[in-house]
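S.K.:
Residue numbers (my numbering): 25 to 292.
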């Protein structure tokens, strides 16, 4: 890989970052929304650096003829142009410093991934092969749930994140969810054990690599296609015994509707 190829690779890498953030929200498949401005800045800087490398190398090539003549003249004048002492610009130690190792071509892999493959957000495949979230050891930092249930009127349907629902179901000793209608939105995941199916959502701290699974088990309605998105209205199936001993929470669906335009695939 010569310097022009190196510069073009940088330009393509920067362009990949920009095309996944500026015209589209593709970057939300891999990182949280707050990282968008940083990706844009990194893309601009990378494109600029690549352009500088390409322009500098082109100018260097245009001066190559004059440099070669000057080098030949100097070699003849100093007697340093013999068979044993000859060298070329950029080859003072027997190898060309203007070329990068072949492994540098691997830098093109993320470019191909974004422009050709465009990896999707994590979904049912990841959920089926991941451990679900475990019961939290403590409640919300503020001591108050952020799901809106406490402020809702009796009989009002409360829209919650699956994260909020699971948190409330696990640690609310007052069991305020009991008998309340809740609306959850997520994607369908088959249950490997065959009983019902999961409505799931992934939660990440910064990027898809640290995502954890939040899910509820639904058994009273037919299983939809994996990775299809649904909004399900229903009620919590209150478990017997201690809440922290529950391995997975069940949800009795009353009504469901398919989501045509899924939201951000990850919950905060």
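Glycine included, every Cβ here is placed at the ideal spot set by N, Cα and C.
On a predicted model such as this, the values are computed, not experimentally measured, just so you know.
Which residue marks the beginning of the beta strand (DSSP E) containing residue 279, and which one marks its end?
M.R.: 273-282
S.K.: Are three or more beta carbon pairs between the region 227-240 and the region 186-197 nearer than 8 Å?
M.R.: yes
S.K.: I need the DSSP call for residue 183, collapsed to helix, strand or coil.
M.R.: strand
S.K.: DSSP three-state call for residue 199: helix, strand or coil?
M.R.: coil
S.K.: Closer than 7 Å by C-beta to residue 144: which residues in its own chain qualify, once you throw out the five before and the five after it? Chain order, please.
M.R.: 53
S.K.: How far does the beta strand (DSSP E) with residue 222 in it reach, from first residue to last?
M.R.: Note, residue 222: beta strand (DSSP E), 221-227.
S.K.: Just the Cα atoms here: how many angstroms apart are residue 197 and residue 169?
M.R.: Distance between the alpha carbons of residue 197 and residue 169 is about 12 Å.
S.K.: Give the straight-line distance between the Cα atoms of residue 230 and residue 86, rounded to the nearest whole angstrom.
M.R.: The straight-line gap from Cα to Cα measures roughly 46 Å.
S.K.: Our contact map puts residue 71 next to residue 127 with C-beta atoms below 8 Å; I'd like the distance itself, whole angstroms only.
M.R.: Not a contact, Cβ separation roughly 23 Å.
S.K.: To the nearest angstrom, report how far apart residue 45 and residue 136 are at their CA atoms.
M.R.: 16 Å
S.K.: In three-state terms, what does DSSP make of residue 240?
M.R.: strand
S.K.: Between which residues of its own chain and residue 155 is the CB-CB distance below 6 Å, once the five residues before and five after are set aside?
M.R.: Within the same chain, residue 155 has no close Cβ partners at all.
S.K.: Rounded to a whole number of angstroms, what is the C-alpha to C-alpha distance between residue 152 and residue 32?
M.R.: Between the alpha carbons of residue 152 and residue 32 lies a gap of roughly 40 Å.
S.K.: Taking the CB atoms as reference points, tell me whether residue 214 and residue 247 lie closer together than 8 Å.
M.R.: Yes, Cβ-Cβ distance for residue 214 and residue 247 is below 8 Å.
S.K.: Rounded to a whole number of angstroms, what is the C-alpha to C-alpha distance between residue 206 and residue 68?
M.R.: 44 Å
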